[in-house]
Amino acid sequence: QRRQLAHDEL
Amino acid sequence: MNLFRLAGDMSHLLSVCVLLLKIRATKSCRGISLKTQELYALVFVTRYLDLFYSYISLYNSIMKVTFIATAVSIIRYMRFDKVVKQTYDKEQDTFRYAFLVAPCLVLALVLNHRFTFTEVLWTFSIYLEAVAILPQLVLMQRTQNIDNLTANYVALLGAYRGLYIVNWIYRYFTEPHYRQWLVWISGVVQTALYADFFYFYTKAWKHNTRLQLPA
Numbered sequence: 210q211r212r213q214l215a216h217d218e219l
Numbered sequence: 132m133n134l135f136r137l138a139g140d141m142s143h144l145l146s147v148c149v150l151l152l153k154i155r156a157t158k159s160c161r162g163i164s165l166k167t168q169e170l171y172a173l174v175f176v177t178r179y180l181d182l183f184y185s186y187i188s189l190y191n192s193i194m195k196v197t198f199i200a201t202a203v204s205i206i207r208y209m210r211f212d213k214v215v216k217q218t219y220d221k222e223q224d225t226f227r228y229a230f231l232v233a234p235c236l237v238l239a240l241v242l243n244h245r246f247t248f249t250e251v252l253w254t255f256s257i258y259l260e261a262v263a264i265l266p267q268l269v270l271m272q273r274t275q276n277i278d279n280l281t282a283n284y285v286a287l288l289g290a291y292r293g294l295y296i297v298n299w300i301y302r303y304f305t306e307p308h309y310r311q312w313l314v315w316i317s318g319v320v321q322t323a324l325y326a327d328f329f330y331f332y333t334k335a336w337k338h339n340t341r342l343q344l345p346a
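This is the structure:
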């Protein structure tokens with residue numbers, strides 16, 4: 210979940 | 132996605148458009164650092180590997196592909212276009228890749244959220260993006276007459292970073308699990324690098340003179 214948050218920006 | 136993030140992305144996209152416009156319309160890449168452009172290409176390629184294994188949104192995917200494609204296109208112009216490559220200030224653009232790439236790689240190996248191949252590369256791209264503008268800033272200090280398109284290109288890149296910070300602050304307060312120390316610190320460092328540039332950029336704009344950075 211945390212990982213997904215970090216990776217949703219460009 | 133919040134408005135700050137969208138504005139940041141648009142500013143980033145616009146900066147690339149301005150650079151491509153400069154290269155295509157004036158057939159010149161004078162004042163543009165190939166080193167910075169190649170570092171950005173490396174940043175995009177290492178960060179957007181997730182295109183192959185995770186899907187976030189159509190918007191994200193299109194933007195990622197766009198940034199990779201435009202970075203490659205800019206490098207192609209600067210390296211291989213018969214006319215454009217003659218305008219490249221090769222002798223002035225002397226920054227060493229290794230000085231930036233090596234420390235970022237070491238830092239990514241030591242300081243990351245998870246020790247996996249893709250995660251380390253992603254972290255590396257975050258660190259590298261923070262410092263990739265340095266060759267461009269050094270080149271501009273050496274260039275006497277910085278043209279408007281080049282100045283605006285760098286200003287838009289700086290605006291993109293600034294807007295991302297506002298986006299992080301916004302997300303920090305609106306999303307309970309949003310904690311990204313590693314990304315935030317790199318982002319603040321990156322934005323700070325532009326502070327000096329913006330000081331002279333606004334000064335030149337106010338006095339309606341050409342931008343010139345003191346050596």
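Quick note, the sequences are listed as chains G and H, same order. The first sequence runs 210 to 219 under our numbering. The second sequence runs 132 to 346 under our numbering. All C-beta atoms, glycine included, are put in the ideal place defined by N, C-alpha and C.
query, result
"Leaving out five residues before and five after Leu-238 of chain H in sequence, what residues of the same chain have Cβ atoms less than 6 Å from its Cβ?", "Tyr-258"
"Could you tell me if Ala-290 of chain H is buried or exposed, where buried requires 16 or more neighbouring beta carbons within 10 angstroms of its beta carbon?", "buried"
"When you compare each of H:Ser-142, H:Ile-154, H:Glu-250 and H:Leu-137 to Thr-281 of chain H by their alpha carbons, which one comes out closest?", "H:Ile-154"
"If you follow the alpha helix (DSSP H) that Asp-266 of chain H is part of, which residue opens it and which one closes it?", "Contrary to the premise, residue 266 of chain H reads as Pro rather than Asp in this sequence. From DSSP, the alpha helix (DSSP H) with Pro-266 of chain H extends over 265-273."
"Suppose contacts are defined by Cβ-Cβ distances below 8 Å. Is Gln-267 of chain H in contact with Ala-346 of chain H by that definition?", "no"
"Let me know the secondary structure DSSP gives Arg-155 of chain H once reduced to three states.", "helix"
"Tell me where the alpha helix (DSSP H) around Asn-279 of chain H begins and ends.", "279-305"
"Nearest to Arg-362 of chain H by alpha carbon, out of H:Trp-315, H:Asn-279, H:Tyr-303 and H:Asp-278?", "Shown here, chain H extends from 132 to 346; a query on residue 362 of chain H therefore has no answer."
"Please go through the same chain and pick out, in chain order, the residues whose beta-carbon is closer than 8 Å to the beta-carbon of Ile-199 of chain H, but skip the five residues on each side of it.", "Ala-172, Phe-175, Val-176 and Tyr-179"
"Here's a check: name, in chain order, each residue in its chain whose Cβ is nearer than 8 Å to the Cβ of Leu-294 of chain H, leaving out the five neighbours to either side.", "Phe-135, Arg-136, Ala-138, Gly-139 and Ser-142"
"Can you grab the Cα-Cα spacing for the pair Asn-243 of chain H / Ala-233 of chain H, in whole Å?", "16 Å"
"Does the distance from the CB of Tyr-284 of chain H to the CB of Ser-159 of chain H come in under 8 Å?", "no"
"Helix, strand or coil, according to DSSP, for Asn-191 of chain H in the structure here?", "helix"
"In the DSSP assignment, find the unbroken alpha helix (DSSP H) run with Glu-169 of chain H in it and report its ends.", "165-178"
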